[in-house]
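Q: What follows is a single structure, and I will ask about it in a moment.
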Ligand code: ADP
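Residue numbers (this note's numbering): 1 to 163.
Rendered as structure tokens:
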């Protein structure tokens, strides 16, 4: 049997415990799992691409079959093809995610018919969690320690020390 290679694409701006849970579960199913940090050069993110990558690498350092990659202005299906990916990985929190993801899958399949997408239904505790909510909490100086990996908290402390 050929290797099962997954690609979990997202903005991860920043990564949350919800993302990490999907990665943890997917890492057990795939021989190799790529986490693709996708960004659009015209959209300014909260954290720069390099910082998002550093945060993710630190958070995922104990997963030997997980590799963090970056992709700027690239289609996920093109990156998947280049890496020999067999399955895309996505998370589903609610009906809005379902609507969005099924539309995305339709267009991905138009480009790459063979590429399957595997969906992980978010566990109850992670369903309310999103990167945008985290950014809002950071903006209002609310605690986020139990919602994100420690590497996100460390990065924020580094930024605060610089001011
Ligand atoms: P985007 O910015 O493209 O919406 P994200 O980086 O926020 O993407 O998320 C990438 C993927 O992770 C999506 O499939 C999304 O549904 C999923 N996801 C995001 N947050 C969670 C969470 N808390 N639990 C499970 N899956 C999640």
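C-beta: ideal position from N, C-alpha, C; glycine also. Quick caveat, the model's predicted, so the values are computed rather than measured.
Could you tell me if residue 125 is buried or exposed, where buried requires 16 or more neighbouring beta carbons within 10 angstroms of its beta carbon?
A: Numbered from its first residue, the chain shown carries residue 125 at position 125. Classification of residue 125: exposed, given that the 10 Å Cβ count is below 16.
Q: Taking all protein chains shown into account, do 16 or more other C-beta atoms lie within 10 angstroms of the C-beta of residue 142, making it buried, or fewer, making it exposed?
A: As a working note, residue 142 is residue 142 in the chain shown. Exposed, since its Cβ has fewer than 16 Cβ neighbours within 10 Å.
Q: Taking a contact to mean a Cβ-Cβ separation below 8 Å, would you say residue 33 touches residue 23 in this structure?
A: The count along the chain shown starts at 1 and reaches residue 33 at position 33. The count along the chain shown starts at 1 and reaches residue 23 at position 23. A contact, by the Cβ cut-off of 8 Å.
Q: Can you give the Cα-Cα distance for residue 14 and residue 100, rounded to whole angstroms?
A: One-based indexing of the chain shown puts residue 14 at position 14. One-based indexing of the chain shown puts residue 100 at position 100. Taking the straight line from one Cα to the other gives about 20 Å.
Q: Considering just the uninterrupted stretch of the alpha helix (DSSP H) at residue 118, what are its terminal residues?
A: Residue mapping note: residue 118 aligns to position 118 of the chain shown, counting from 1. That residue, residue 118, is in no alpha helix (DSSP H); its beta strand (DSSP E) goes 116–121.
Q: Can at least three beta-carbon pairs, one atom from the segment 62–72 and one from the segment 35–53, be found at a separation below 8 Å?
A: Yes, the segment 62–72 is in contact with the segment 35–53.
Q: Any heavy atom of ligand 1 closer than 7 Å to the beta-carbon of residue 122?
A: Locating residue 122 in the chain shown gives position 122, counting from the first residue. Checking every heavy atom of ligand 1 against the Cβ of residue 122, one is found closer than 7 Å.
Q: DSSP on residue 86, reduced to helix/strand/coil?
A: Position 86 of the chain shown holds residue 86. Residue state, collapsed to three classes: coil.
Q: Report whether the distance from the Cβ of residue 151 to the nearest heavy atom of ligand 1 is below 7 Å.
A: Position 151 of the chain shown holds residue 151. Not under cutoff, so the answer is no.
Q: Is it true that the CB of residue 91 sits closer than 8 Å to the CB of residue 5?
A: The residue given as residue 5 occupies position 5 in the chain shown. The residue given as residue 91 occupies position 91 in the chain shown. Contact: no.
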